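Read through the structure below, which is laid out as structure tokens, and then see the notes.
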Amino acid sequence: MRLSVTNRCNLRCRYCRRELPEGPEKRALKDEELLMIVRAAASCGIDSFKITGGEPLLRPGIAELTGQMKELPGVRSVTMTTNGVLLKGALPELIKNGLDAVTVSLDSLNRETYRRITGEDRLSGVLGALKEAAASSLKVKVNTVLQKGVNDTEWPELAALAKEMPVDVRFIELMPIGCGRDFEGVDFIKLYSALKKSYPALSEDTESHGNGPAVYYKIPGFSGSVGFISALSEKFCDSCNRLRLTSSGALKPCLCYNTEVDLMPLFTETDKEKLLSALKDAIRKAALMKPEGHSFGVATGAEERRSMADIGG
Numbered sequence: 017m018r019l020s021v022t023n024r025c026n027l028r029c030r031y032c033r034r035e036l037p038e039g040p041e042k043r044a045l046k047d048e049e050l051l052m053i054v055r056a057a058a059s060c061g062i063d064s065f066k067i068t069g070g071e072p073l074l075r076p077g078i079a080e081l082t083g084q085m086k087e088l089p090g091v092r093s094v095t096m097t098t099n100g101v102l103l104k105g106a107l108p109e110l111i112k113n114g115l116d117a118v119t120v121s122l123d124s125l126n127r128e129t130y131r132r133i134t135g136e137d138r139l140s141g142v143l144g145a146l147k148e149a150a151a152s153s154l155k156v157k158v159n160t161v162l163q164k165g166v167n168d169t170e171w172p173e174l175a176a177l178a179k180e181m182p183v184d185v186r187f188i189e190l191m192p193i194g195c196g197r198d199f200e201g202v203d204f205i206k207l208y209s210a211l212k213k214s215y216p217a218l219s220e221d222t223e224s225h226g227n228g229p230a231v232y233y234k235i236p237g238f239s240g241s242v243g244f245i246s247a248l249s250e251k252f253c254d255s256c257n258r259l260r261l262t263s264s265g266a267l268k269p270c271l272c273y274n275t276e277v278d279l280m281p282l283f284t285e286t287d288k289e290k291l292l293s294a295l296k297d298a299i300r301k302a303a304l305m306k307p308e309g310h311s312f313g314v315a316t317g318a319e320e321r322r323s324m325a326d327i328g329g
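One gets the working numbering by counting positions in the sequence shown from 1 and adding 16 to each.
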């Protein structure tokens, strides 16, 4: 389960959200509500949780909340996806509280291109945080979204991060959600061919790298692996194993559609056992609502129209 703990962010990536949100966000789940949802989800058999946003490190007390999640019965792993801007200062407390892994979103190693994509000049700090994370006890991944005509020629340098450091670099297809509809992604079949041409000894990596749908490849001499998350060109809906919780308490079975189960009204129940039972029922309902497949690129009238930041991308 992906848990969005805030829809706020300190970057404004062009395919996610062009402008920073103004004013207070929609009422976000409180710590005790998030913990109750995790407890209920673990009781249903969900044992892995990814903390997301917005930018999760903007939420006060996120390290302590991470530790509280880890202590709940049935929770096997708690990981985090971050843009890395605040990661360096947060690392010691996150590690102390048992965070298992961190994924850093990084789309460019060129300062100007990074600023063009994110709206901010923060690349050097993010790279410093990535190096510190890679040298720590955490498992570390890098998520990269390639955009045609923007950063699509940078894939060799970005892939090489897995040679320089013990990190897995994953290339993720641009999702046509929110602002993402306005930009063109990269053909992953051609990208794989280019990678194979550059590294003829490339071979599939069958080891487990986490809980997601990425397909990984080993390159001789690399400390980490290179992966592809191809939700569009290689649809993997039949094996999708995740639910997404927005920061305002909506449980989404699929990124593509506006279908969701609102958990927020359940918190009017003051009896904890009744609340736990109601949350478990709602989580099971959401899981059973997962569709057979997405319909990106096809107008159905049920498409998700919010930004990725607002739905916990």
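From the three backbone atoms N, C-alpha and C, an ideal C-beta is built for every residue, glycine too. Remember, it's a predicted structure, so these values are computed and weren't measured experimentally.
- Per DSSP, reduced to three states, the secondary structure at Ile299 is helical.
- The region 97-104 makes contact with the region 119-126; the number of CB pairs closer than 8 Å reaches 3 or more.
- 7 Å or more divides the Cβ of Ser20 from the Cβ of Gly77.
- When rounded, the separation of the alpha-carbon atoms in Leu45 and Leu279 is 10 Å.
- Rounded to whole angstroms, Leu295 and Pro281 show a C-alpha spacing of 10 Å.
- Straight-line measurement puts the Cα of Thr160 at about 21 Å from the Cα of Pro236.
- Proximity of the region 292-307 to the region 47-55 meets the contact definition, three or more beta-carbon pairs being nearer than 8 Å.
- In this structure, DSSP gives Arg127 a helical state, which the three-state scheme calls helix.
- The beta carbon of Glu136 lies closer than 7 Å to those of Leu27 in the same chain, with the five residues before and after it left out.
- Remark: C-beta atoms of Tyr31 and Phe199 approach each other more closely than 7 Å.
- In terms of Cβ geometry, Val142 and Ala150 do not form a close pair [threshold 7 Å].
- At the C-beta level, Gly240 and Ala178 come within 7 Å of one another.
- Of the residues Leu125, Glu148, Ser219, Ser140, the one whose Cα lies closest to the Cα of Leu162 is Leu125.
- Straight-line spacing of the CA atoms in Asp47 and Arg92 works out to 19 Å.
- Nearest Cα to Tyr215 within the set Met181, Ser224, Ala175: Ala175.
- Excluding five sequence positions before and after Thr129, the CB atoms of its chain that fall closer than 6 Å to its own CB belong to Asn167, given in chain order.
- In the three-state scheme derived from DSSP, where H, G and I count as helix and E and B as strand, Arg260 is classed as strand.
- When the beta-carbon positions are compared, Leu110 and Ala79 come within less than 7 Å of each other.
- The shortest CA-to-CA distance from Ser152 to any of Asp116, Gln84, Thr222, Asp287 is the one to Asp116.
- Apart from the 5 residues on each side of it in sequence, Asp63 sits with its Cβ closer than 8 Å to the Cβ of Gly90, Val91, Arg92, Ser93 in its chain, given in chain order.
- Taken atom to atom, the span from the alpha-carbon of Lys112 to that of Lys288 is near 29 Å.
- Selection Pro172, Pro182, Leu154 evaluated against Gly114 yields Leu154 as nearest (Cα-Cα).
- Taking C-beta atoms under 8 Å as the contact rule, Lys104 and Ala145 qualify, at a distance of about 4 Å.
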